[in-house]
DNA sequence: CCGGTTCTGGTCGATTGGACCATAACTTGC
DNA sequence: GCAAGTTATGGTCCAATCGACCAGAACCGG
């Protein structure tokens, strides 16, 4: 519940009218695929604390908006993208001292974008950059606050949602080939998937991808032109592709 | 990030030193198995707003503790249980007006308990009760604030975690039979699982359950005494049992 | 002792997953 | 225009798994 007024064991010093005040912020982990690798949008801090370090974009929640609306507003401000393909809340962070200036609780959202160009255009190019997630998590980049942990949790959430929902189509454009879609799974999971088997699993699912009549033009290296698909409906439970190491006797995934 | 000081597009009215103040609370959905059904601990509100309605227990976060510590402290206060088998954060809720008195953002935790008796003993029996989740979600009980939504999300999280982690052992006691464990899956998912196949899947997993040498004594209806197990280690990805409807062509689970 | 109940191992067919091969349709280079 | 390389896409096949069902073992109550 919101107050402890019904509990007889409530300490008297916690009068609801004198609650401790917090700042509530919304942070967004903005992920996209670039060059067959998972990338995250980070901004460089210009002031103390953590001046010069990379950080996840975010901002204050206003009392008149919901957390989701705050995330959508901040996403539009930071990237210029109005309708995100996907905006999922995945965690709240409130460790004391995570912001040395004040008591801050932040609610973290995961945004999956497909249009890399507009991301770079919407924000200040000097202060923001799309960086590979692997570099941000391997300690090569120093992240401000507890943003390294937030990013780790976001990537873990993507890995899970990739298996549970149709989130993979959020990474690709409105029309895509199955090879593009397969790259999403391979990059996020760090595995190799057979193209033929992947195709079979995906098209066997009823309405997840819908074939457009058209075909993509091959890249510079040639090859048979691939059929173009568009995203169908999503699933709440059980996507078409499942993680290879997560179903056998368990010696590899504990 | 926590402040918008690095973004050139930040509105000037959002000076970090004059952030909007929120109360931050921690609410706990306390679930347990009773009579082969999923139950939730609810407290009855004694004061306005929502006087007389059922609510999820919770309380204010203190600036000196983390969100997890706040949830653990409140859980101990409400139920007397010191070490919860499981305490998972699953969502944050901050819709404007969700508490008519002030701006409140709540972080919701899921607690899975096994000892029903100590739960009822730790809190005031007149104001708290273990109620079936089905009744709380079917509109039979009126829940205060947005607690119906929070409870729905908690149950959905349990359903997912049951498939992903070893959360099922948190519902049963320190020594349990495989039939008890199977009841957890059946109650949460609302399905029927074959006992023999369930046993095979569970014992095939390496160290998830560990057989103690002993056997449970049969119930009043007789039957062969079942072997007793204790919980082994948990999994991060891919538990031994998977949801029956979540792996076929998808016509039933969209 | 006997019927009922529960546990536990066995069997078997259908489905699935993954490795591999073959062919189609495009590219570039000569 | 032709050969060689590359990619897409369909086919085949074997092993693993899932789920339904059966049978025996070990307990109850009467």
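Protein chains in written order, with the working numbering: chain A, 1 to 254; chain B, 1001 to 1254.
We put the beta carbon where it would ideally sit given N, CA and C, even for glycine.
Contact set for residue 1051 of chain B: own chain, Cβ-Cβ below 6 Å, skip 5 residues either direction:
Locating residue 1051 of chain B in the second chain gives position 51, where the first residue counts as 1. Closer than 6 Å at the Cβ level, and outside the excluded window around residue 1051 of chain B, lie 1045.
Does residue 1149 of chain B get closer than 9 Å to chain A when you measure Cβ to Cβ?
What you label residue 1149 of chain B is simply residue 149 of the second chain in a count that begins at 1. False, the Cβ-Cβ gap to chain A never drops below 9 Å.
Quick one: list the residues of chain B neighbouring residue 66 of chain A, beta-carbon separation under 7 Å, in chain order.
In the first chain, residue 66 of chain A corresponds to position 66, counting from 1. Within 7 Å Cβ-Cβ: 1094, 1095, 1096.
Counting only beta-carbon separations shorter than 9 Å, does residue 155 of chain A have a partner in chain B?
As a working mapping, residue 155 of chain A is identified with position 155 in the first chain. Not closer than 9 Å to any Cβ of chain B, the Cβ of residue 155 of chain A fails to qualify, so no.
So does the stretch 56-74 of chain A actually touch the stretch 1086-1096 of chain B, counting three or more Cβ pairs closer than 8 Å?
yes
Indicate whether at least one CB of chain A lies closer than 9 Å to the CB of residue 1137 of chain B.
Here residue 1137 of chain B refers to the residue found at position 137 when the second chain is read from its first residue. Cβ-Cβ to chain A under 9 Å: no for residue 1137 of chain B.
Applying the criterion that 16 or more other CB atoms from any shown protein chain within 10 Å of the CB defines a buried residue, is residue 1106 of chain B buried or exposed?
Counted from its first residue, the second chain places residue 1106 of chain B at position 106. Residue 1106 of chain B is buried by the Cβ-count criterion.
Is DSSP giving residue 191 of chain A helix, strand or coil here?
Numbered from 1 along the first chain, position 191 holds the residue referred to as residue 191 of chain A. Residue 191 of chain A falls in the coil class under three-state DSSP.
Can you tell me where the alpha helix (DSSP H) with residue 1070 of chain B in it begins and where it stops?
For the purposes of this step, residue 1070 of chain B is taken as residue 70 along the second chain, with counting starting at 1. Start and end: 1067-1079.
Please state if the CB of residue 1029 of chain B and the CB of residue 1056 of chain B are separated by a distance shorter than 9 Å.
As a first step, residue 1056 of chain B is located in the second chain; it is residue number 56 there, counting from the start. As a first step, residue 1029 of chain B is located in the second chain; it is residue number 29 there, counting from the start. Contact flag set, yes.
Nearest residue (CA-CA) to residue 37 of chain A, options A:133, A:24, A:218, A:110:
Locating residue 37 of chain A in the first chain gives position 37, where the first residue counts as 1. Ranking A:133, A:24, A:218, A:110 by Cα distance to residue 37 of chain A puts A:133 first.
If distances are taken between C-alpha atoms only, which option among B:1167, B:1183, B:1150, B:1098 comes closest to residue 1108 of chain B?
Residue numbering aside, residue 1108 of chain B sits at position 108 when the second chain is read from its first letter. That would be B:1150, whose Cα lies nearest to the Cα of residue 1108 of chain B.
Own chain, CB closer than 6 Å to residue 254 of chain A, minus 5 neighbours either side, in chain order
As a first step, residue 254 of chain A is located in the first chain; it is residue number 254 there, counting from the start. Caution applies to residue 254 of chain A, whose pLDDT of 26 falls short of 50 and renders its modelled position unreliable; the model cannot decide the point.
Assuming residue 185 of chain A and residue 212 of chain A form a contact by the criterion Cβ under 8 Å, report the distance between their Cβ atoms to the nearest whole angstrom.
Here the question's residue 185 of chain A lines up with position 185 in the first chain. Here the question's residue 212 of chain A lines up with position 212 in the first chain. Residue 185 of chain A to residue 212 of chain A, Cβ: 21 Å. No contact.
Look up residue 1184 of chain B in the DSSP assignment and say whether it is helix, strand or coil.
If you number the second chain from 1, residue 1184 of chain B lands on position 184. DSSP places residue 1184 of chain B in helix when its eight states are reduced to three.
Indicate the three-state DSSP secondary structure (helix, strand or coil) for residue 164 of chain A in the structure shown.
Residue 164 of chain A sits at position 164 when you count from the first residue of the first chain. Here residue 164 of chain A sits in helix by DSSP.
Residues of chain A with CB closer than 8 Å to the CB of residue 1244 of chain B, please, in chain order.
Within the second chain, residue 1244 of chain B is the residue found at index 244, counting from 1. Residues of chain A passing the Cβ test: none, with the nearest at roughly 11 Å.
Residues of chain B with a CB under 7 Å from the CB of residue 198 of chain A: which are they?
Translated into positions along the first chain, residue 198 of chain A becomes position 198. Correct list: empty, because the minimum Cβ distance to chain B is about 17 Å.
Check residue 202 of chain A in the structure and name its three-state DSSP category.
One-based indexing of the first chain puts residue 202 of chain A at position 202. Helix, per DSSP.
Could you give the distance in angstroms between the alpha-carbon of residue 1214 of chain B and the alpha-carbon of residue 1047 of chain B?
On the second chain, position 214 is the one that residue 1214 of chain B refers to. On the second chain, position 47 is the one that residue 1047 of chain B refers to. One C-alpha to the other measures close to 50 Å.
Please decide whether residue 1062 of chain B counts as near chain A, where near means a Cβ-Cβ distance under 9 Å.
Counted from its first residue, the second chain places residue 1062 of chain B at position 62. True, the Cβ-Cβ gap to chain A drops below 9 Å.
Measuring alpha carbon to alpha carbon, tell me which of B:1217, B:1172, B:1224, B:1216 ends up nearest residue 1035 of chain B.
For the purposes of this step, residue 1035 of chain B is taken as the residue at position 35 of the second chain. Residue B:1172 is the option with its Cα nearest to residue 1035 of chain B.
Which value, in whole angstroms, describes the spacing of the CA atoms of residue 247 of chain A and residue 1223 of chain B?
For the purposes of this step, residue 247 of chain A is taken as the residue at position 247 of the first chain. For the purposes of this step, residue 1223 of chain B is taken as the residue at position 223 of the second chain. For residue 247 of chain A, the predicted structure reports a pLDDT of 47, less than 50, and the residue's modelled location is therefore unreliable. A value from the coordinates is still provided. Whole-angstrom Cα-Cα distance: 33 Å.
Going by the CB atoms, is the gap between residue 1131 of chain B and residue 1192 of chain B shorter than 9 Å?
Along the second chain, one-based indexing puts residue 1192 of chain B at 192. Along the second chain, one-based indexing puts residue 1131 of chain B at 131. It is not a contact, given that the beta carbons lie outside the stated cut-off.
Cα-Cα separation, residue 41 of chain A to residue 1188 of chain B
Along the first chain, one-based indexing puts residue 41 of chain A at 41. Along the second chain, one-based indexing puts residue 1188 of chain B at 188. Approximately 38 Å between the Cα atoms of the pair.
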